[in-house]
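Below is one structure, written out as structure tokens, with a few remarks after it.
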Amino acid sequence: MKPNLQPATRASALSLVHVYPQFLGSYGHGGNALVLAQRCRWRGVTCDIHEVTIGEVIPAEADIYYLAGGDTVGVKAVAQALQQQQGLQQAAARGAVVLGVGSGCQLLGERLSLPRGDTFAGIGLLDLTSEPAVRRRFGPVIGEPLLPIEAPLLGFEDHQMTLQLGAEATAIAKLRHGAGNGSAQGTEGIWGSNVFGTSLRGPVLALNPSFADLLLERVLGPLDPLPLLAVDRLRERFLSALPRSIGSRAKR
Amino acid sequence: MPRRLSVRRRFKTLSARLHAIGNVLTVCRFQAVLALDRGVKTLAFALGGVGIRLPRRLLVRLACHGLAAWLMPASLALAARGRTVVLVSGTNGKTTTTALLTRALGGTVATNAGNHNFYCGLLDALLRSNAPMAVLEVDELWLPEVLRWLVPELLVILNLHEDAWLRTPDPQYVLDRWKTLNLGAGTALLAWADDPALVSLLSNRPVQWLTQQENDAKGQTTLQACPACGEILRRSGWHWSCRCDLRHPVHRLGPQATWQLSPCGTTLHPPTGRRPEVAVNPGLSGRINRRNAAFALAGAMLLGRDPEPVQHQLQTLAQLPLRDQVYRLAGRDVRLLLGKNPSAWIANLDRLGTGGPVMLLQQQSTATLDLSWLYDIPVETLAGRQVGICGAHALDLAVWLTYAGVDFIAAADPRALVGQMAPGELLCVSDLLGAYLIEALAD
Chain A
779 MKPNLQPATR ASALSLVHVY PQFLGSYGHG GNALVLAQRC RWRGVTCDIH
829 EVTIGEVIPA EADIYYLAGG DTVGVKAVAQ ALQQQQGLQQ AAARGAVVLG
879 VGSGCQLLGE RLSLPRGDTF AGIGLLDLTS EPAVRRRFGP VIGEPLLPIE
929 APLLGFEDHQ MTLQLGAEAT AIAKLRHGAG NGSAQGTEGI WGSNVFGTSL
979 RGPVLALNPS FADLLLERVL GPLDPLPLLA VDRLRERFLS ALPRSIGSRA
1029 KR
Chain B
12 MPRRLSVRRR FKTLSARLHA IGNVLTVCRF QAVLALDRGV KTLAFALGGV
62 GIRLPRRLLV RLACHGLAAW LMPASLALAA RGRTVVLVSG TNGKTTTTAL
112 LTRALGGTVA TNAGNHNFYC GLLDALLRSN APMAVLEVDE LWLPEVLRWL
162 VPELLVILNL HEDAWLRTPD PQYVLDRWKT LNLGAGTALL AWADDPALVS
212 LLSNRPVQWL TQQENDAKGQ TTLQACPACG EILRRSGWHW SCRCDLRHPV
262 HRLGPQATWQ LSPCGTTLHP PTGRRPEVAV NPGLSGRINR RNAAFALAGA
312 MLLGRDPEPV QHQLQTLAQL PLRDQVYRLA GRDVRLLLGK NPSAWIANLD
362 RLGTGGPVML LQQQSTATLD LSWLYDIPVE TLAGRQVGIC GAHALDLAVW
412 LTYAGVDFIA AADPRALVGQ MAPGELLCVS DLLGAYLIEA LAD
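Here the protein sequences come in this chain order: A and B.
Going by the working numbering, the first residue of the first sequence is number 779, and it counts up by one from there.
Going by the working numbering, the first residue of the second sequence is number 12, and it counts up by one from there.
Set out below in structure tokens:
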């Protein structure tokens, strides 16, 4: 059910650019844009989702940019299109919020290798290189957040890539359960300044409302919590369905 | 002095040797059974010129001893021996098209109804019936394996959707598996021309292409990049092409060389040299079922059937258990529509109509199952209607509908939910486990 609406603390609008949803928009990742927009609307903030397709200009003036996950066929072409367009890079340079999920996250890094040996440059907003992993990583993930949020980060992973973070880069969560980035540090995702990346599905922002609000707060300032009973119960069920030791530790 | 192997290592070595020996014995056993079969046939001819052969069931049992599933593949070849086999594969529509084609061919046909589309299901279907014709649906990931053992007269390939990708980490995995399709010269291929992945995989083979040329193909075509070279596909309406040589078969072969289903799905235009046009009017509702029926119609015609009786037969199939069927639940008729993945769900949207109550049932058994794909469905089209949810994953549905701005009511189980739903035709979109639940709970 819809949450109790809080009176709007600010009369403003937020612009969200969904970058290349036709190419980066499978696996339900498009839901993240929906979650951001809806959480704005429930707070009385207008939020328009502007979808940009390849060949169109990526506006540099938006507040939030979202690159979702897609399949590896065509990722190289998407990377080339992003390189040619400078809108996203210019927006990030002035402090706009950028979220990349799945291959969207990998494209934000320095370099990306595909399972069939193709290696090409990302757009370099994150100190990250992505390489094919030996084994597929599949299943639920629980992480202790390294972002300024309190609730455990929950989601699902299903990929066969290893994300190597640079020396100065910070992950978004320390793993309690799951393979995450696949590196020895046992972490998930990456963030720096206002640019965030993760491999988590769920969609990740639907399962983690505090992460969604963190992104919105970077634009709108501090926000009141938005109680959503269904999400709370879904998170409880997620944790209780895992082995007790993992779930209870994560709850704490 | 040589190092002694650890117990674990020795066990693994022994296990590997036994496995290798087992493989050799299996091959020997199958060769022996096939030799026995040939010997009986030769002896029968020598004695009286009668075409006697050992029963298939006996051969399979001799070869398998009812043992492990990895013995199944070769037994498939034995079980299908001497029959005309038609295989139907793809991501979506296998079961429906198989049922339609079975109905279209008429008479007794061996078929694997439902989701039994792996080795066991295929073998079971072949052993349960001695019909000379078998129409079998095959899981798309297993098709290359099945084609190692079966030589179909006709292979119908419906699509290769994103939902197949969901079961693998990388679409290239599926594409690579399909590149090794072992198709004999005697196998006719009927495939969907509007799917770039299929066209890329089959472009070097003689294919009977079926196309609908829909401008609004949302949810039906998935790949936006060329599966051959990775470049972005150029799209204009239904037409697509790439900078490399890959393009829609209509533009490569000409419209006269393809089976063309009209955009509204009511007429099938066969290639030149066949009948001018055939009406497509199946008993099953929905745009997607017109396409499935077109495949069945074209398949039957390729197998030499006359279209008139086939058209009539297709009209007689109005319901399909667990997919499109009316069940009596808590004293009320509920029309069940299967929505097990985004493409199937989106295909159902045009059957949901614009008014009336809708039940959504998500009953997957694993609590930590990833249902992200729900967010690929434009469910906001249900806003303003009464929507009821239930099932083990009702919470996932609740969060999804909440963010999509769709009001809903919830109940513990389908029978309780039916009691709360408004009057009118009641539709229920369900996953496969939910469909089984509805079937079990039906009055």
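Built from N, CA and C at the ideal position, the CB exists for glycine as well.
Beta carbon of residue i nearer than 8 Å to that of residue j
| i | j | result |
| --- | --- | --- |
| R362 (chain B) | S296 (chain B) | yes |
| N300 (chain B) | T107 (chain B) | yes |
| L279 (chain B) | L308 (chain B) | yes |
| C439 (chain B) | L393 (chain B) | no |
| A236 (chain B) | G852 (chain A) | yes |
| L111 (chain B) | L380 (chain B) | no |
| L983 (chain A) | L794 (chain A) | no |
| L166 (chain B) | G101 (chain B) | no |
| I400 (chain B) | W356 (chain B) | no |
| L812 (chain A) | Y184 (chain B) | no |
| P282 (chain B) | A268 (chain B) | yes |
| E242 (chain B) | A857 (chain A) | no |
| L349 (chain B) | L333 (chain B) | yes |
| N810 (chain A) | L877 (chain A) | yes |
| R396 (chain B) | G416 (chain B) | no |
| A239 (chain B) | L213 (chain B) | no |
Any C-beta of chain B under 8 Å from that of residue i
| i | result |
| --- | --- |
| R1015 (chain A) | yes |
| F934 (chain A) | yes |
| G958 (chain A) | no |
| M779 (chain A) | Caution applies to M779 (chain A), whose pLDDT of 49 falls short of 50 and renders its modelled position unreliable; the model cannot decide the point. |
| A855 (chain A) | yes |
| Q942 (chain A) | no |
| I901 (chain A) | no |
| L1012 (chain A) | yes |
| P926 (chain A) | no |
| S961 (chain A) | no |
| Q800 (chain A) | yes |
| V912 (chain A) | no |
Option nearest residue i by Cα separation, candidates the options
| i | options | result |
| --- | --- | --- |
| R216 (chain B) | B:W411, B:G195, B:T119 and B:A239 | B:G195 |
| S273 (chain B) | B:C253, B:Q224, B:V337 and B:Q326 | B:Q224 |
| G980 (chain A) | A:A859, A:P918 and A:R996 | A:P918 |
| P923 (chain A) | A:A791, A:L932 and A:I832 | A:L932 |
| G895 (chain A) | A:L885, A:E909 and A:G887 | A:E909 |
| Q336 (chain B) | B:E450, B:E242 and B:G265 | B:E450 |
| Q862 (chain A) | A:Y843, A:R821, A:A874 and A:G900 | A:G900 |
| G970 (chain A) | A:I950, A:S977, A:R821 and A:G808 | A:I950 |
| A840 (chain A) | A:G921, A:T948, A:L998 and A:L1012 | A:L998 |
| G139 (chain B) | B:W251, B:T119, B:V398 and B:P287 | Strictly speaking, residue 139 (chain B) in this sequence is Arg, with Gly absent from that position. Nearest option by C-alpha distance: B:T119. |
| D418 (chain B) | B:D424, B:L152, B:P425 and B:A409 | B:A409 |
| L903 (chain A) | A:A1008, A:G964 and A:A874 | A:A874 |
| K105 (chain B) | B:A403, B:L314, B:L137 and B:A124 | B:A124 |
| G808 (chain A) | A:A846, A:C818 and A:A871 | A:A846 |
Distance between beta carbons of residue j and residue i, contact taken as under 8 Å
| i | j | result |
| --- | --- | --- |
| V994 (chain A) | L1001 (chain A) | Just to set this straight, residue 994 (chain A) is Leu in the shown sequence, not Val. Sure, about 6 Å apart at Cβ, within 8 Å. |
| A91 (chain B) | L161 (chain B) | 5 Å |
| L169 (chain B) | N128 (chain B) | That pair is no contact at about 13 Å. |
| A311 (chain B) | A115 (chain B) | 4 Å |
| G848 (chain A) | F801 (chain A) | 5 Å |
| A204 (chain B) | W189 (chain B) | At roughly 16 Å, the Cβ-Cβ gap does not stay under 8 Å, so A204 (chain B) and W189 (chain B) are not in contact. |
| Q4 (chain B) | A403 (chain B) | Only positions 12 to 454 of chain B appear in this structure, which leaves residue 4 (chain B) out of reach. |
Cβ of residue i within 8 Å of any chain A Cβ
| i | result |
| --- | --- |
| A228 (chain B) | Any reading at A228 (chain B) is ruled out, since the residue's pLDDT is 49, under 50, leaving its predicted position unreliable. |
| W251 (chain B) | no |
| A136 (chain B) | no |
| I243 (chain B) | yes |
| W356 (chain B) | no |
| W270 (chain B) | no |
| Q373 (chain B) | no |
| T413 (chain B) | yes |
| Q231 (chain B) | Unreliable placement is indicated for Q231 (chain B), whose pLDDT of 47 sits below 50; the coordinate value is still reported in the next sentence. Not an interface residue. |
| A80 (chain B) | Caution is warranted here: a pLDDT of 47 is assigned to A80 (chain B), below 50, making its placement in the model unreliable, and the coordinate value is therefore given only provisionally. Chain A contact via Cβ: absent. |
| V345 (chain B) | no |
| G416 (chain B) | yes |
| H76 (chain B) | Summary for H76 (chain B): the model assigns pLDDT 49, below 50, so the residue's position carries little reliability, and this model does not support an answer. |
(request) Return the chain-ordered ranges of every beta strand (DSSP E) run that is complete within the stretch 850-923 of chain A and spans a minimum of 3 residues. (result) Every beta strand (DSSP E) stretch that sits fully inside the stretch 850-923 of chain A and reaches 3 residues is listed by chain position as 875-879, 889-891, 897-899 and 906-923.
(message) List, from N- to C-terminal side, the alpha helix (DSSP H) runs of 4 residues or more that fit wholly inside the stretch 337-415 of chain B.
(response) If only uninterrupted alpha helix (DSSP H) runs of at least 4 residues are considered, those enclosed by the stretch 337-415 of chain B are 353-360 and 405-415.
(message) Quick check for students: name the residue ranges of the alpha helix (DSSP H) that lie wholly in the stretch 112-140 of chain B, counting only runs of 4 or more.
(response) 130-139, all fully within the stretch 112-140 of chain B.
(request) Please specify which runs of the alpha helix (DSSP H), each continuous and at least 4 residues long, are wholly inside the stretch 254-289 of chain B, giving them in chain order. (result) Whole alpha helix (DSSP H) segments, 4+ residues: 260-264.
(request) Pick out the complete alpha helix (DSSP H) segments inside the stretch 807-846 of chain A, 4 residues or longer, and give them in chain order. (result) 809-820, all fully within the stretch 807-846 of chain A.
(request) Just list the beta strand (DSSP E) runs in the stretch 931-1017 of chain A, keeping only unbroken ones of 3 residues or longer that don't cross its boundaries, in chain order. (result) Restricted to the stretch 931-1017 of chain A, the beta strand (DSSP E) segments that are unbroken, complete and at least 3 residues in length are 931-943, 951-955, 968-970 and 973-976, listed in chain order.
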